[in-house]
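Participant: What follows is a structure written as C-alpha cells; I'll ask about it next.
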Amino acid sequence: MKIRIGIGSGGATSSPDALAELVAALDDLGFDSLWLSEVLTGPVLDPAVGLAWAAALNPRVKLGTTMLLPGRNVLRLAKQLASLDVLCRGRLLVTLVPGLTYAPERDAIGVDPKQRGAVIDEALPLLRRLWAGETVSHDGAAGHFHDVRLSPLPVQQPLEVWLGGTAAAALERCGRLSDGWLPSLCTPEEAAAGRVVIEEAAAKAGRSISSEHFGMSLGYARAPLDAATTRAIARRPRALELTPVGLPALRERLERFIAVGFSKFVVRPVVAPASWREELEALAAAVGDLQT
C-alpha cells in the first residue's frame, strides 16, 4: 500500500498568512495534500475558494476537500469542482459529505438530515455524467436543467469522488456509488468492518473499489484539551474518546488503521497551532516515516 498523510486545517487557516505558511510547510516537509472542509456556520474558509488560492500559491501540492452535497444545485457544484480541477491542473481530491446534524449547521444546510442520503443518491450520478461530458437533463431536488453539457470538463477523467459516513446506509451507498471511503470518528476495528460492508455492496452493484482507496480523517490534540475545546468537540458523538491526545497516541492510531488495510489519512489538529511550520515539523518527526 502507498501510505499518504494529508493535513486538514480546520478553522486555523482563515487568514492568507496562515494558509500560505501551511501550504509552504506541506511542500517542504513531504506531506501529501492540503484539506479544507466545508462548515457553513464555522470559522473556516469556503473550501473551493481556499483551495483555488492555494493552487495558485503552490503548483505541486494536492488539494482535497470534504464538501457538502445536500443543499446544492448539482450543476453549480459540477461547474465549481470542474473549474477547480482545471485551475489546479488535475490535483483535486474530492470527498462529498452530507454535513453535520446539529444546529446551527443543520438548519443552514437546508435539507433534513433524514433526506440527505437520498439527495446524494440522486446527485452523485448526475455529477459523474456532467464531468464525463454527457448532455444531461434533470428535474429534481438536485436541480432543474435541460440539455446541459458542462464546460470546461475536469482534467481528471474520471474525477473521482469519495464518500464518508459510518451508518449502514452510508456504507451501502459508498459501495454502490463512490470511488473511495474517508470516514471519521470510528475505531480501526469498526473501520475494518465497514470496509467489508462497502466491498460487498460494491460487488453487488457490479463494481469494485481500489484497495488503495480506503482512508480515515483523524482529529488529534498535541496536549490535553481545555474546557472550551472539550465542549466544542463533545457536540459530535464519540469525538472526545476518538481524538488521540499527544503525537505518540496519533502515531499508534495511524499504525492500527494501517494494520487493517487503510492507507490514506487526513490528520487535523483540533486546536489551532500557533505556527503551522512548527506543527508540521513535529508531525513529520512523529509520523512522517509512515508514508511509503
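For the sequence shown, counting from 1, position 280 maps to 280 in this note's numbering; every step adds exactly one. Backbone N, C-alpha and C define an ideal beta-carbon position, used for all residues, glycine too. Since we're looking at a predicted model, the values are computed, not measured.
Using the Cα positions of T292 and F145, report the straight-line distance between them to the nearest angstrom.
Facilitator: Between the alpha carbons of T292 and F145 lies a distance of about 45 Å.
Participant: I'd like to check one pair, A55 with L45: are the Cβ atoms closer than 9 Å?
Facilitator: no
Participant: Rounded to the nearest angstrom, what separates T65 and P47 at their Cα positions?
Facilitator: 6 Å
Participant: Compare the Cα-Cα distances from A272 to each of G6, M1, K2, G10 and report the closest residue.
Facilitator: G10
Participant: Cβ of R195 within 9 Å of Cβ of F262?
Facilitator: yes
Participant: Which of helix, strand or coil does DSSP assign to A232?
Facilitator: helix
Participant: Assuming contact is defined by CB atoms lying nearer than 9 Å, are V74 and P98 in contact in what I supplied?
Facilitator: no
Participant: If contacts are defined as beta-carbon pairs under 8 Å, then L280 and L96 qualify, I think. What distance do you get, rounded to the angstrom?
Facilitator: Contact flag wrong, Cβ pair sits at about 27 Å.
Participant: Let me check one thing: in DSSP terms, what residues is I5 bridge-paired to?
Facilitator: F265
Participant: In chain order, what are the residue ranges of uninterrupted beta strand (DSSP E) at least 3 long that sit wholly in the segment 155–188?
Facilitator: 161–163
Participant: Can you confirm whether the segment 69–86 touches the segment 123–130 when touching is taken to mean that 3 or more C-beta pairs between the two stretches lie within less than 8 Å?
Facilitator: Yes: at least three Cβ pairs fall under 8 Å.
Participant: Does DSSP put A191 in a helix, in a strand, or in coil?
Facilitator: helix
Participant: Cα-Cα, which of W181, G50, G6, A282 is closest to S14?
Facilitator: G50
Participant: Among A286, E160, P104, whose alpha-carbon lies nearest the alpha-carbon of L177?
Facilitator: E160
Participant: According to the neighbour-count rule (16 or more other Cβ atoms, all chains shown, within 10 Å of its Cβ), is Y102 buried or exposed?
Facilitator: Counting Cβ neighbours within 10 Å, Y102 comes out exposed, since fewer than 16 surround it.
Participant: Would you give the residue range spanned by the beta strand (DSSP E) that F145 belongs to?
Facilitator: For F145, the enclosing beta strand (DSSP E) stretches over residues 143–149.
Participant: Could you round the C-beta distance between G215 and W181 to whole angstroms and report it? I think they count as a contact, below 8 Å.
Facilitator: 7 Å
Participant: For E38, count the other beta carbons within 10 Å of its own beta carbon; 16 or more makes it buried, fewer makes it exposed. Which is it?
Facilitator: buried
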